[in-house]
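Only one structure is covered here, and it is reproduced in the block below.
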Amino acid sequence: MRKSVKAVQMRKVFKAVQMACILALLVGMFTACGTAGSTGTTTSNAQSASGSSVKKIGIVQIMEHPSLNTIRESFIKQLADRGFKDGENIKIDYQNAQNDQTNLKTICQKFANNKYDLIVAIATPSAQAAAGETKNIPVLFAACTDPVGSGLVASLDKPGANVTGTSDAVSAEKIMELAKRITPDIKTIGALYNSGEANSVSVVNNLKEYASKNGMTVVEGTVTNTSEVQQVAQSLVGKADALFLPIDNTVASAMPVVAQVANAAKKPVYVGADSMVKEGGLATYGINYPVLGQETANMAIEILNGKKPADIPVKTMDEMDIYLNKDTAAAIGVTFPDDVVKEAKQVFGK
5 MRKSVKAVQM
15 RKVFKAVQMA
25 CILALLVGMF
35 TACGTAGSTG
45 TTTSNAQSAS
55 GSSVKKIGIV
65 QIMEHPSLNT
75 IRESFIKQLA
85 DRGFKDGENI
95 KIDYQNAQND
105 QTNLKTICQK
115 FANNKYDLIV
125 AIATPSAQAA
135 AGETKNIPVL
145 FAACTDPVGS
155 GLVASLDKPG
165 ANVTGTSDAV
175 SAEKIMELAK
185 RITPDIKTIG
195 ALYNSGEANS
205 VSVVNNLKEY
215 ASKNGMTVVE
225 GTVTNTSEVQ
235 QVAQSLVGKA
245 DALFLPIDNT
255 VASAMPVVAQ
265 VANAAKKPVY
275 VGADSMVKEG
285 GLATYGINYP
295 VLGQETANMA
305 IEILNGKKPA
315 DIPVKTMDEM
325 DIYLNKDTAA
335 AIGVTFPDDV
345 VKEAKQVFGK
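If you're matching positions, the sequence shown starts at 5 in my numbering and goes up one per residue.
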């Protein structure tokens, strides 16, 4: 009898243990299912953050410079104004090469290897580096003066590959026509530029054509880096009545140095960009860079919505404006004609 009771007790204990194991197993299964569901959701969110719904845009800028910074800031603002906001439906990765070609190549390789949805390249060297790293990812350039001559596109109307964008081409002729209104006696023009920048070569060639038709002489002074700018500028002011600086990344970064040299020699400096006037140039008839940034963003949206760069013509800027610096004018003894002042978009200085 005792054995029977003991046996019954043992069976009860066994069943209790068995039930406990079953319950533990069921709990484990539900927990596993819950974990699996949680992991699935996390994966889905990760895909959403890096997949087709959130586009990855790499912005590469050759260097820090007011005009280039304005383009980038205007570009990002226009995207946001049209519903493409960083951190929401797009992810922007901005990188600055600090005017170093090795950095530029590394940045563009990173964008290409990570398969970004769009690469935005500000200034010609950036665009050339980006185009050299990918034939599949859309490359949208901003502020490339001569995209055809730079080898970026086949033509302005039909770019032909994965590259298109906005040109900041300025007219040396129009700048010199403005120069004649301000300082009509100039006959010899000193062109200061980096001969390694295709965009600068294009504008200087335009300057030479204008000079040959108008009985003027162009004296060239070329540099390869910013450390050479001061010496070349000093040489040119001794040979020319005025200096001409195209939109040149190397020279633009040393604009205050050029202004100092030219002011000391009482020579006017005509430039290709509003920021260069702000930093000491006398005048320009040039690009409105906030507008250029906006137009670049509008093109970016077309690409993000599925249009191919090959089917988007390069945008050239029709909106050109006069920019003047009255502090520089005072320093070199020049007075702006009243009609020029009235036409100016902006007059820098006090």
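Glycine residues also receive a C-beta, built at the ideal position from the N, C-alpha and C atoms.
query: Looking only at its chain, what residues have a beta carbon closer than 7 Å to the beta carbon of Glu68, apart from the 5 residues adjacent to it on each side?; result: Asn100
query: Excluding sequence positions up to five away, which residues of its chain have a Cβ less than 6 Å from the Cβ of Gln301?; result: Inspection of the sequence shows that residue 301 is occupied by Ala rather than by Gln. Cβ within range, chain order: Phe79, Gln82, Leu83.
query: So if DSSP puts Ser171 in a beta bridge, which residue, or which two residues, is it bridged to?; result: Thr320
query: Cα-Cα, which of Lys191, Thr230, Gly276, Gly310 is closest to Cys148?; result: Gly276
query: What does Gly290 pair with, by DSSP beta-bridge criteria?; result: Asp325
query: Run the CB neighbour count on Gly164, radius 10 Å, all protein chains shown included, and call it buried at 16 or more, exposed below.; result: exposed
query: Ordered along the chain, which non-local residues of its own chain (more than five positions away) have a Cβ less than 8 Å from that of Asn267?; result: Gly284, Thr332, Ala335, Ile336
query: Let me know the secondary structure DSSP gives Ala263 once reduced to three states.; result: helix
query: According to DSSP, is Val295 helix, strand or coil?; result: helix
query: Apart from the five residues just before and just after Arg86, which ones in its own chain have a Cβ nearer than 8 Å to its Cβ?; result: Ala301, Asn302, Ile305
query: Please state whether DSSP places Lys59 in a helix, a strand or coil.; result: strand
query: With 16 other CB atoms within 10 Å as the buried threshold, where does Glu201 fall?; result: buried
query: Could you tell me the alpha carbon to alpha carbon distance between Val351 and Ala215, rounded to whole angstroms?; result: 27 Å
query: Tell me which same chain residues have a C-beta within less than 6 Å of the C-beta of Glu347, skipping the five on either side of it?; result: Ile326
query: In chain order, what residues of the same chain have a beta carbon less than 6 Å from the beta carbon of Lys282, not counting five sequence neighbours either side?; result: Phe352
query: Could you tell me which residues DSSP puts in a beta bridge with Asn100?; result: Gln65
query: Distance check for Ile75 and Tyr197, CA to CA, integer angstroms please.; result: 22 Å
query: Reducing DSSP to helix, strand and coil, say where Tyr214 ends up.; result: helix
query: Suppose you measure from the CA of Val362 to the CA of Pro250; what does that come to, to the nearest Å?; result: Nothing in the structure corresponds to residue 362, since the chain is present only between 5 and 354.
query: On the CB-based measure, 16 or more other CB atoms within 10 Å of its CB, does Pro188 come out buried or exposed?; result: exposed
query: Using C-beta distances below 7 Å, list every residue in its chain close to Gly55, excluding the 5 sequence neighbours before and after it, in chain order.; result: Its pLDDT being 44, under 50, Gly55 is placed unreliably in this model, and the coordinates cannot settle the point.
query: On the DSSP letters alone, give me the boundaries of the beta strand (DSSP E) that Ile141 sits inside.; result: Ile141 -> no beta strand (DSSP E), and no H or E assigned at all.
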